[in-house]
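J.:
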Amino acid sequence: MSESDRTRCRCALLNVMSGEVAREYLRYHLEVERTDGMGRKVHRCDESGVSWVEERRPSGYGGDVIVLRRLAD
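Right, here's the structure in full:
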């Protein structure tokens, strides 16, 4: 993934991201905003103002898969 792909805002286009794409998006594009009542991290895009909740799902291979779900406005 190129540097421009990592930082390009996709918040208006996507509702769900998972795996390595979600991990890269968290690292290069989103900022932690708060923790919700269920202990999940909520991230915010400074560019679009869209919030995303981070979930971790067991992958079945000994690790977790990150899933980002866009929150409704």
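Taken in order, the sequence shown gives residues 5 to 77; the numbers are from our numbering. Heads up, the beta-carbon is just placed ideally off N, CA and C, and yes, glycines get one too.
In whole angstroms, what is the alpha-carbon distance linking Gly43 and Glu35?
T.: 16 Å
J.: Can you tell me where the beta strand (DSSP E) holding Leu30 begins and where it ends?
T.: Not the beta strand (DSSP E): Leu30 falls in the alpha helix (DSSP H), residues Gly23 to Tyr32.
J.: Find out if the Cβ-Cβ distance for the pair Met3, Tyr32 is shorter than 8 Å.
T.: A question about residue 3 goes unanswered here, because the residues of the chain that appear run from 5 up to 77.
J.: Who are the near neighbours of Pro62 in its chain, counting only those whose CB is closer than 7 Å to its CB and skipping five residues on each side?
T.: Asp68
J.: Can you list the beta strand (DSSP E) stretches of 3 or more residues lying completely in the stretch 29-58, in chain order?
T.: 35-39 and 45-48
J.: Going by beta-carbon coordinates alone, are Asn19 and Arg74 separated by less than 8 Å?
T.: yes
J.: Taking just the CA atoms, how far does Ala26 sit from Ser55?
T.: 14 Å
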